[in-house]
Amino acid sequence: MYYFIPAWYQEKLSLPWQYLSKEIEFDDTVNQSRMFAAQSLSTNLLVLNYLPNLRTFLNRQQLLNISCWSLFDQLQGIEQEKLSTIQPFNYKELNWPKDIQFITTPYVIVAMNANAMYAKIYFNEAGNVLWIDHFEEGLIYRRYVIDDRGFISSIQIYEQGEHISTTFLNLLGEKQFIYFVEEGTFEIFENAKIQGKLKQRFFASKSSLIEAVLNIKIKEFTAEDVVVIAASNEHNRYFLDNEIPGKKVLSFFSERNNDESYIDYENVKGIDFFVADSDNILKNVAPLTDQVPTAIISPYDSRLNLGVSQEVKELNIWVNIDNIQKDLIYKIGELLFKEIQRNKDIQVIFASYNEQNDQNSEIVQFVKTLNNRFISEESFNEKINALNIETEDEEYFVFRQVREELTVISSFSTVRLVIDLSENPHLYTQIASISAGIPQINQRETPYVKHEENGYIIQSIEDLPLAIHYYLDTLKNWNRSLVFAIEKIAENNSEQLVKKWAKYLEIE
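Heads up, the numbering used here is the position in the sequence shown plus 34, with the first residue counted as 1.
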């Protein structure tokens with residue numbers, strides 16, 4: 035069995051749909067578990083955090099077909115065989131006052147009673163109830179948290195608007211344990227199903243509670259099992275400090291592990307090997323590579339998904355703007371502006387995977403400025419007017435926020451060229467480009483891009499026009515890149531990546 039332990043501790047995974055982060059959600063665990071399951075290997079996700087909206091998240095990531103063990107399901111006494119009897123949650127079936135009125139707004143449903151706000155009902159992106167807040171004199175005093183499988187999962191109590199406790203329930207609404215916010219402690223109720231398996235009822239912290247339940251699960255592991263642990267601070271105590279049967283892999287992911295604070299240098303000797311998604315992340319674990327074997331294996335598998343960009347008139351250029359200084363983005367924009375003046379079939383997509391990127395709003399304004407300049411420049415207008423072309427709605431530059439894989443995949447179907455001049459090119463973009471047969475322009479070589487094969491490595495920003503012409507002036511070099519990309523796809527499909535894992539794990 036391959037057990038994958040994700041680092042899914044972000045609050046954003048269970049937010050109402052209007053507050054959903056636009057950051058990319060998929061990570062190493064998402065893609066690794068997909069790949070192993072695709073090779074018909076026994077795969078199991080072990081989720082340690084409280085995620086009542088877990089099924090919705092798994093559905094977004096196409097992981098519902100993979101077995102998933104939830105630690106908080108064990109704590110709450112959730113019996114899987116009884117879930118089939120649960121009906122979809124209907125908020126109207128709760129015990130509401132007789133004269134309650136439900137007012138639908140664009141984001142929430144407001145329950146009004148005697149001209150006062152009685153409750154607010156929040157929904158996830160699938161339209162399921164996420165939680166229900168109850169109010170007295172304008173202050174929240176209670177929140178029902180709804181599991182996306184259709185039942186009240188927990189009840190949060192507030193005093194003067196401050197969260198003081200959370201009581202966790204089973205399918206029948208019976209109390210199983212309680213969390214006291216100020217103290218940070220947990221108490222297991224005497225009638226809780228989990229109580230018979232635990233040696234104590236009181237826990238001083240969330241981590242001690244999780245460790246106690248996890249130790250019960252670990253007893254099921256065998257020497258033949260492989261445990262793949264997403265590197266994070268939360269996991270050091272649970273997995274590095276304890277003896278675990280089977281082989282242990284620590285997985286480093288650039289989007290999560292951007293410093294070395296998550297590394298427990300004292301307890302890594304029990305790890306069988308490190309797997310990293312890029313050579314950049316190895317800088318942080320370099321002191322440990324003498325103790326533990328290390329492999330660079332992409333968590334993303336390439337799949338033959340060739341686009342049709344060579345069949346459309348537009349020459350779409352995808353420009354990654356993450357981890358790039360604003361001044362460099364402006365230079366790229368100005369150079370591409372000149373290229374569009376030369377060839378008006380070119381269209382530019384400035385793309386960001388990170389909603390928290392502070393400069394995104396400035397780039398959006400920069401995009402508007404570039405488009406307006408085409409309309410205002412007299413020399414350009416003269417050429418346009420001579421052809422009787424309307425210019426008001428013409429957009430040669432657009433900004434795109436990326437949150438899902440599908441956004442990239444659908445966009446790349448008509449993208450002709452990818453530009454990523456960051457110090458460490460975005461890994462998923464590189465793999466997606468290979469899958470779509472798109473050449474890439476970078477400032478340094480990576481294991482996935484070879485100069486003048488499936489990409490062009492420039493030495494400075496001044497070389498960018500040369501690289502663009504190399505791939506857009508004729509289809510000869512572009513087709514050559516396509517052939518090379520198809521070879522790369524064969525090297526990085528899920529079957530080959532899993533074989534690399536097996537080699538390091540010494541598994542036949």
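All C-beta atoms, glycine included, are put in the ideal place defined by N, C-alpha and C.
The structure presented is a predicted model; accordingly, all values stated were derived computationally and were not measured.
Where does the unbroken alpha helix (DSSP H) through residue i begin, and where does it stop?
i	result
TYR504	498 to 506
ALA519	509 to 525
ARG94	88 to 94
THR403	394 to 410
PHE60	Taken as a continuous stretch (DSSP letters only), PHE60 belongs to no alpha helix (DSSP H), as it is neither H nor E.
ALA329	Here ALA329 belongs to no alpha helix (DSSP H); instead the beta strand (DSSP E) covers 328 to 330.
SER528	528 to 539
LYS372	360 to 376
SER467	461 to 470
LEU109	105 to 110
Check this for me: beta carbons of residue i and residue j, under 7 Å apart or not?
i	j	result
TYR156	ALA145	no
ILE453	LYS365	no
ALA449	TRP512	The question names Ala, but residue 449 is Val in the sequence shown. It is not a contact, given that the beta carbons lie outside the stated cut-off.
VAL382	PHE433	no
TYR36	VAL260	yes
PRO333	GLN66	yes
GLU540	PHE518	no
LEU316	GLY367	no
VAL179	TRP165	yes
LEU349	LEU506	yes
ALA265	ASN225	no
PHE287	ASP61	yes
HIS269	ILE278	no
VAL163	PHE123	yes
Let's see if you can read the secondary structure: which residues bound the beta strand (DSSP E) around residue i?
i	result
GLY489	489 to 491
PHE446	Here PHE446 belongs to no beta strand (DSSP E); instead the alpha helix (DSSP H) covers 439 to 446.
ILE39	36 to 39
ASP167	163 to 170
TYR178	173 to 181
ARG450	449 to 453
ASN354	349 to 354
GLU193	185 to 193
Compare the C-alpha of residue i against each of the options and name the closest.
i	options	result
ILE491	ARG271, GLU479 and LYS372	GLU479
PRO327	LYS317, ILE305, GLN344 and ASN314	ILE305
ARG271	GLU289, SER239 and GLY280	SER239
LEU205	ILE186, HIS197 and ILE212	ILE186
ASN526	ASN78, PHE60 and ASP311	ASP311
SER515	HIS485, HIS503 and LEU500	HIS485
ILE523	LEU164, THR508, GLN477 and ILE472	ILE472
PHE384	ASN377, GLN375 and LYS360	LYS360
GLN210	SER343, ALA264, ILE189 and THR139	ILE189
HIS197	LEU203, GLY207 and GLY218	GLY218
ARG68	LYS537, LEU531, TYR538 and PRO131	LEU531
PHE431	ILE380, PHE237, LEU340 and GLU389	ILE380
GLN110	ASN83, THR508 and VAL283	ASN83
LYS534	TRP130, PHE214, HIS460 and PHE70	PHE70
ASN267	PRO86, ASN354, ALA41 and PRO140	ALA41
ASN314	SER76, ILE330 and THR90	ILE330
GLN121	PHE223, GLU289, GLY341 and ARG183	ARG183
THR201	PRO140, CYS102, GLN194 and ARG177	ARG177
SER456	ALA536, ILE358 and GLU429	ILE358
ASN149	GLU170, ALA160, ASN158 and ASN162	GLU170
ILE191	ILE212, GLY341 and LYS251	ILE212
ARG376	ASN388, ILE228, PRO140 and PHE408	PHE408
GLU389	LYS372, ILE397, ASN354 and VAL436	VAL436
ASN78	PHE91, LEU85, THR119 and THR63	THR63
ILE520	PHE446, LEU340 and ILE397	LEU340
LEU88	TYR43, GLN73 and TRP130	TYR43
ARG235	ILE222, ASP181, GLU245 and ILE228	ILE222
Can you tell me the Cβ-Cβ gap for residue i and residue j, rounded? I've got them flagged as a contact below 8 Å.
i	j	result
SER336	ILE443	The Cβ separation is near 12 Å, so there is no contact.
LEU243	PHE220	5 Å
TYR482	ILE502	With a Cβ gap of about 20 Å, TYR482 and ILE502 do not count as contacting.
LEU451	GLN344	Actually they do not touch by this definition, with Cβ atoms about 11 Å apart.
SER386	ASP356	5 Å
PHE255	GLY280	5 Å
LYS251	TRP103	7 Å
Is residue i close to chain D? Criterion is C-beta to C-beta, closer than 7 Å.
i	result
VAL215	Chain labels in this structure do not include chain D; a single protein chain is all it has.
Hey, would you say the C-beta of residue i is under 6 Å away from at least one heavy atom of the ligand FMN?
i	result
PHE123	What this structure holds is no ligand at all, so the ligand FMN is not there to describe.
4 or more residues per run - each alpha helix (DSSP H) lying fully within the region 216 to 302 = Within the region 216 to 302, the complete alpha helix (DSSP H) runs of at least 4 residues are 240 to 252.
Which ranges does the alpha helix (DSSP H) cover as unbroken runs of at least 4 residues, wholly within the region 123 to 167, from first to last along the chain?
-> Counting only runs of 4 or more residues that sit fully inside the region 123 to 167, no alpha helix (DSSP H) segment turns up.
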